[in-house]
Amino acid sequence: MTHPGRNITRWLFAAAMAAGLLVDCQFPGFVAAQEPVQPAKPPLDYTNTDNCILCHSDTAKMKDHADFIGIAPADLWSKLDKHGQSFLLLKDKSRELTNRILGFDLREAFADDEFASLSEDAKLADKVQTVQSCFRCHATWPKDAEHPTGKLTEPVEPLSRGVSCQACHGPAGSWSEAHSGKWWRRVSHEAKSKLGFLNVRDGVVRTKLCASCHVGSVAEGKFVKHQWYAAGHPPLPGFEYSAFAAQMPAHWKPLADKGDFAGRTAASPVVPDGKAERIVLRRRNIDIADADIKAHYREANFPAAKDDAPFANRPRTQEVTLSGVVVLKTYAGLAGDYAEEAAKGNKQFAWPEFALYDCVACHHELRRQDGLASRPKLSGPPGRPPMPRWTRALLGLSTERKPQIDDDLRALELAFTQRPFGDPQQIAAAALKLAPQLEGLCQEVGAAKFDEDRAAKSLAILLSSSATADVRDYASARQVAWAVQGLRQDQEGIPYGFGASLDPEQQQSQDRIAAFFRRDNRDELLLTLPARQENSVAEDLPKFLRAMGDFDPEWFAERLKAAKGK
114 MTHPGRNITR
124 WLFAAAMAAG
134 LLVDCQFPGF
144 VAAQEPVQPA
154 KPPLDYTNTD
164 NCILCHSDTA
174 KMKDHADFIG
184 IAPADLWSKL
194 DKHGQSFLLL
204 KDKSRELTNR
214 ILGFDLREAF
224 ADDEFASLSE
234 DAKLADKVQT
244 VQSCFRCHAT
254 WPKDAEHPTG
264 KLTEPVEPLS
274 RGVSCQACHG
284 PAGSWSEAHS
294 GKWWRRVSHE
304 AKSKLGFLNV
314 RDGVVRTKLC
324 ASCHVGSVAE
334 GKFVKHQWYA
344 AGHPPLPGFE
354 YSAFAAQMPA
364 HWKPLADKGD
374 FAGRTAASPV
384 VPDGKAERIV
394 LRRRNIDIAD
404 ADIKAHYREA
414 NFPAAKDDAP
424 FANRPRTQEV
434 TLSGVVVLKT
444 YAGLAGDYAE
454 EAAKGNKQFA
464 WPEFALYDCV
474 ACHHELRRQD
484 GLASRPKLSG
494 PPGRPPMPRW
504 TRALLGLSTE
514 RKPQIDDDLR
524 ALELAFTQRP
534 FGDPQQIAAA
544 ALKLAPQLEG
554 LCQEVGAAKF
564 DEDRAAKSLA
574 ILLSSSATAD
584 VRDYASARQV
594 AWAVQGLRQD
604 QEGIPYGFGA
614 SLDPEQQQSQ
624 DRIAAFFRRD
634 NRDELLLTLP
644 ARQENSVAED
654 LPKFLRAMGD
664 FDPEWFAERL
674 KAAKGK
């Protein structure tokens, strides 16, 4: 006869095993041995962004991470940053302009009046493809991302979310649960990236991500054609990452401003290794191996660092320097990829594509000054538009670069002007040769030390005639002015990020830096971007064109001389 108590015990044991209770609590060692050592790679799936916003807007929930995050970033993003409204801009705020650019009504490409999914009607395939290309930058829908249903017309995230959290931080289905614990600080960035997490703490990764839209990428389907500009799409201005990020406004703090957070180094308070959490993750086919759990944050993110230098970097100095390399690399990749397709005879890549050239080379009416002295210097025969000058305006800050890069950059410039509108085959070949060198430079600059001495040297480069920028060009001058402001802010020790508390002396320094490139109390170069939700890029366009037309290169040169003496 079986004892009834034993039957109950066996039933409870079986029920507990089925529910996973013993996995997490009573017998973690026993069950861990049953877990797969190397689960299959998890799908890079998207989760509900509402969950991201809910948690990251709640100061109570953020309290446990206050030492690292310090603020409720999603609250700041939701209320001020316009990225989340990028699709609504197309659909509601600028619908008439959108339709003019597209050449048809936006609604025609959708299957419903709610604009939730694109039409599957084969007759509308071209319109759907055109609209979809807009969403590469105006929504969260990467070219390679596919909806879980497998339908190519279903966005991976609701379009109404615009450029959402997951557009920048990566599809969070596999890591959203994992990253909520402090142990996540000890996970190597290689392991995180396998789960779809984008390591935007890495300046190279972060700047490349932003430049893919703000400069363009053929490979990612992010390219504004001249045809769209002609129909009214606002021109993409020169992109300097640090200035754009600050004015978003930035919803994060750089490492230099975080202080000694838990798990930062061996000397900091220790954080858990996440053993229990990792067991739960393995049930979902998500594995973070023991080897990927490092002793502390520095080892996980800066394995080659021998000291705490990565935490002391002047953030803006690092950003403007990296931006100078990444922007040029992104543009060279864009031009090279487009030219390669055109050279193959791909009919979708007509040649020449005017969006690849320096706009002002043709639109001379934007420059009102008489005489050639005030015009940017020619990089080729008159009448042959060169590549945009501003894309290399800050390259001079990368003192790590080898002479070969400058030689190969000149070869790319020459390929653009050897004949009218250049030879696409030569442009593609020159860009291909330059790409690995610029990538290597990105990594070198990303790992470099950016201390007070580097900030001073960088400022001296910008203010001298040896800089690579031709400041007679409006867009290049703007790049330099943004960089000068950022370097000055670092030198004055002004905290980074939105809402940073400034003491009276810092506030005076901030006001002085902001006023330096103002003329008669006017923002002469339009350094203040139409950022934040209350401003409109389209409505700001007349101001932008007027600033280009009114730009006085002699005045700007005088301002640089004045800055040199300070």
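Going left to right, the sequence shown walks through residues 114 to 679 as the numbering used here numbers them.
Backbone N, C-alpha and C define an ideal beta-carbon position, used for all residues, glycine too.
In this text the structure is predicted, and so the values were computed from the model without any measurement.
Rounded to whole angstroms, the Cβ separation of A222 and K338 is 17 Å, and the two are not in contact under 8 Å.
Membership of Y451 in the alpha helix (DSSP H) is indicated by the continuous run P428 to A456.
In the three-state DSSP reduction, L231 falls in the strand class (E or B). For R505, the three-state secondary structure derived from DSSP is helix.
With a cutoff of 8 Å on beta-carbon distance, A541 and G662 are scored as not near each other. Here the region 342 to 353 makes contact with the region 646 to 658; the two share three or more CB pairs at distances below 8 Å.
Rounded to whole angstroms, the Cβ separation of L576 and L673 is 5 Å, and the two are in contact under 8 Å.
Cβ-Cβ distances below 8 Å link P385 to G294, K295 and W296 in the same chain, with the five nearest sequence neighbours on each side left out; the list follows chain order. Annotated as proximal: R514 and L554, with beta-carbon spacing under 8 Å. Around the beta carbon of L167, fewer than 16 other beta carbons sit within 10 angstroms, so the residue counts as exposed. The three-state secondary structure of D636, taken from DSSP, is strand.
Proximity to V597 across Q539, T434 and A544 peaks at T434, based on C-alpha coordinates. Within the DSSP bridge table, the entry for V241 names no partner. When DSSP reads this structure, K236 sits in no beta bridge, so it has no partner. The criterion of a C-beta distance shorter than 8 Å is not satisfied by G446 and S589.
In the same chain as A528, and ignoring 5 residues on each side of it, the C-beta atoms closer than 6 Å to its own belong to G535, Q539, I540 and A543, in chain order. Comparing alpha carbon positions, the residue from R298, G599 and A594 closest to E671 is A594. Here DSSP, grouped into helix, strand and coil, assigns V317 to helix. Burial check for G376: the Cβ neighbour count within 10 Å reaches 16 or more, so the residue is buried.
Of the candidates A613, E565, R625 and N648, the residue whose Cα lies closest to the Cα of W365 is A613. Within the same chain, and ignoring the five residues on either side of D373 in sequence, the residues whose Cβ sits closer than 7 Å to its Cβ are S381. A direct Cα-to-Cα measurement between I399 and D624 gives close to 50 Å. CA-to-CA, the gap between S511 and V438 works out to about 7 Å. Exposed is the label assigned to V383, since fewer than 16 other Cβ atoms lie within 10 Å of its Cβ. Judged by DSSP secondary structure, L654 falls within the alpha helix (DSSP H) whose first and last residues are V650 to D663.
Secondary structure at K335: strand, using DSSP grouped into helix, strand and coil.
In terms of Cβ geometry, S246 and G197 do not form a close pair [threshold 8 Å].
Collapsing the DSSP output to three states places V593 in a helix. The Cβ atoms of E552 and K442 lie closer than 8 Å to each other. Out of W341, V393 and G316, the CA that lies nearest to the CA of S355 is found in G316. Across the structure, Y587 and H327 are spaced so that their CA atoms are roughly 18 Å apart.
D370 places its beta carbon less than 8 Å from that of P608. CA-to-CA, the gap between T430 and R632 works out to about 25 Å. Closest by C-alpha distance to D205, out of R220, K192 and I184, is R220. In this structure, DSSP gives R411 a helical state, which the three-state scheme calls helix.
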